[in-house]
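These notes concern the structure reproduced below.
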Amino acid sequence: MNANGFITSLDRVAIWITRMALLNLYWIFFCLRGLVVGGVFPATVGSLSVVRKWLKGERDINIGEVMKENYKKEFLSSNILGWIMSSVGFVLYMNYQVLKTSNDVHFIFPFFFFITVFFYFLVLIWSFPLMAHYHGGVIQHVKNALVIGLTKIHISSAICITLFSVMYLSLEYPTIILFFFFSISSLIWFWLASTVFHKMDRKTVRAA
Numbered sequence: 070m071n072a073n074g075f076i077t078s079l080d081r082v083a084i085w086i087t088r089m090a091l092l093n094l095y096w097i098f099f100c101l102r103g104l105v106v107g108g109v110f111p112a113t114v115g116s117l118s119v120v121r122k123w124l125k126g127e128r129d130i131n132i133g134e135v136m137k138e139n140y141k142k143e144f145l146s147s148n149i150l151g152w153i154m155s156s157v158g159f160v161l162y163m164n165y166q167v168l169k170t171s172n173d174v175h176f177i178f179p180f181f182f183f184i185t186v187f188f189y190f191l192v193l194i195w196s197f198p199l200m201a202h203y204h205g206g207v208i209q210h211v212k213n214a215l216v217i218g219l220t221k222i223h224i225s226s227a228i229c230i231t232l233f234s235v236m237y238l239s240l241e242y243p244t245i246i247l248f249f250f251f252s253i254s255s256l257i258w259f260w261l262a263s264t265v266f267h268k269m270d271r272k273t274v275r276a277a
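Quick note on numbering: the sequence shown equals residues 70 to 277 in my numbering.
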C-alpha cells in the first residue's frame with residue numbers, strides 16, 4: 070500500500086469513528102430529551118433508522134436530522150411498544166424471583182416460564198428494527214417479530230449474542246458507554262436484521 074492509500078484508509082477510519090461517536094451522542098441526547106423514560110425507545114428507533122440509511126449507501130446524511138425526524142415520527146408507537154415490553158419484562162422478572170425462591174413448584178411452571186422468556190426476547194430484538202424499516206402498527210410489528218424470530222433463529226441468536234457482548238464490554242470499559250455503546254450495538258443489530266429484511270423485500274418485489 071502506498072502512502073496515499075494508507076492516508077486514505079486512515080481518513081476513512083477516522084470518519085467512521087466520528088460517525089459512530091456522533092450517533093451514540095445523539096442517541097444519548099434524544100434519550101435525555103424525552104427525560105429518558107419517554108426518550109429511550111424513539112431514540113433507539115431513530116438510531117436504527119440512521120444505520121439503515123448507512124447500509125443503503127447514504128453515508129453523508131445529517132445524523133441529527135435523521136434522528137430527529139424518526140424520533141418524532143415513531144415517538145408514540147415506539148413508546149407504546151417499549152413500555153409494553155418493559156412491563157412484560159418486569160412481570161417476568163418478578164415471576165423469576167418467585168420461581169427462584171419456591172422449592173415445591175411443579176416442573177411445568179418453569180418450563181412455560183422459560184418458553185415465555187424466549188418469545189419475549191424474540192419480540193424485543195426484532196420489533197425495533199422492524200419499526201425502523203417498515204411502516205406498520207405496534208401489533209403488526211409484534212406479530213412479524215415473532216414470525217421472523219422463530220423462522221430465522223440463527224439471526225436471532227446472533228443479535229442476542231451481539232447485544233449482550235457489547236453490553237458486557239461497556240460495563241468492563243465504561244468509556245465505551247459514552248462514545249460507542251449504542252452506535253456499535255445498533256450497527257451490528259440492524260445489519261443482521263437487514264440480511265432478513267432484504268430477502269423479504271426482494272420476495273415482495275418479485276410477487277408484485
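Ideal placement from N, C-alpha and C gives every residue a C-beta, glycine not left out.
The ligand MG and residue i: does any heavy atom of the ligand fall closer than 6 Å to the residue's C-beta?
{"i": "V207", "result": "Ligands in the displayed structure: none, and consequently the ligand MG is not present."}
Going by CA-CA distance only, name the one from the options that's closest to residue i.
{"i": "F251", "options": "K125, F233, L104", "result": "F233"}
{"i": "S255", "options": "V235, H267, R271", "result": "V235"}
{"i": "I132", "options": "S147, T87, G74", "result": "T87"}
{"i": "R121", "options": "F266, R275, R271, K221", "result": "F266"}
{"i": "G158", "options": "W195, T185, L240, F178", "result": "T185"}
{"i": "I257", "options": "I224, R275, N148, R271", "result": "I224"}
{"i": "V211", "options": "A227, I194, T264", "result": "I194"}
{"i": "K142", "options": "D129, W152, G115, W123", "result": "G115"}
{"i": "L94", "options": "F249, M269, R271", "result": "F249"}
{"i": "R128", "options": "K268, E138, R81", "result": "R81"}
{"i": "G108", "options": "Y140, L79, S78", "result": "Y140"}
{"i": "F259", "options": "W123, W152, L215, S147", "result": "W123"}
Hey, quick one: how far does the alpha helix (DSSP H) through residue i stretch, first residue to last?
{"i": "P198", "result": "177 to 202"}
{"i": "G158", "result": "144 to 170"}
{"i": "K125", "result": "That residue, K125, is in no alpha helix (DSSP H); it is neither H nor E in DSSP."}
{"i": "N131", "result": "No alpha helix (DSSP H) holds N131; DSSP gives it neither H nor E."}
{"i": "F251", "result": "250 to 276"}
{"i": "L219", "result": "207 to 220"}
Note down the Cα distance separating residue i from residue j, rounded to an integer number of angstroms.
{"i": "T113", "j": "V160", "result": "23 Å"}
{"i": "H202", "j": "D173", "result": "46 Å"}
{"i": "L247", "j": "V105", "result": "15 Å"}
{"i": "F197", "j": "M154", "result": "11 Å"}
{"i": "I217", "j": "T273", "result": "15 Å"}
{"i": "F180", "j": "L168", "result": "11 Å"}
{"i": "K281", "j": "P243", "result": "The structure shown does not extend to residue 281, since the chain is modelled only from 70 to 277, so the question has no answer here."}
{"i": "G103", "j": "I97", "result": "10 Å"}
{"i": "A136", "j": "I84", "result": "The sequence shown places Met at residue 136, rather than the Ala named in the question. Using only the alpha carbons, I get a separation of about 19 Å."}
{"i": "A262", "j": "F99", "result": "23 Å"}
{"i": "T220", "j": "L191", "result": "11 Å"}
{"i": "N213", "j": "I76", "result": "45 Å"}
{"i": "Y237", "j": "A276", "result": "42 Å"}
{"i": "G205", "j": "L199", "result": "9 Å"}
{"i": "V207", "j": "Y189", "result": "15 Å"}
Quick one: measure Cβ to Cβ for residue i and residue j, integer angstroms, because I've assumed they're closer than 8 Å.
{"i": "N164", "j": "F144", "result": "Between F144 and N164 the Cβ distance is about 30 Å, and since that is not below 8 Å, they are no contact."}
{"i": "F187", "j": "L150", "result": "Going by Cβ atoms, the distance from F187 to L150 rounds to 19 Å, so no, they are not a contact pair."}
{"i": "I245", "j": "S239", "result": "5 Å"}
{"i": "V119", "j": "L101", "result": "Not really, about 18 Å apart at Cβ, beyond 8 Å."}
{"i": "I253", "j": "M89", "result": "7 Å"}
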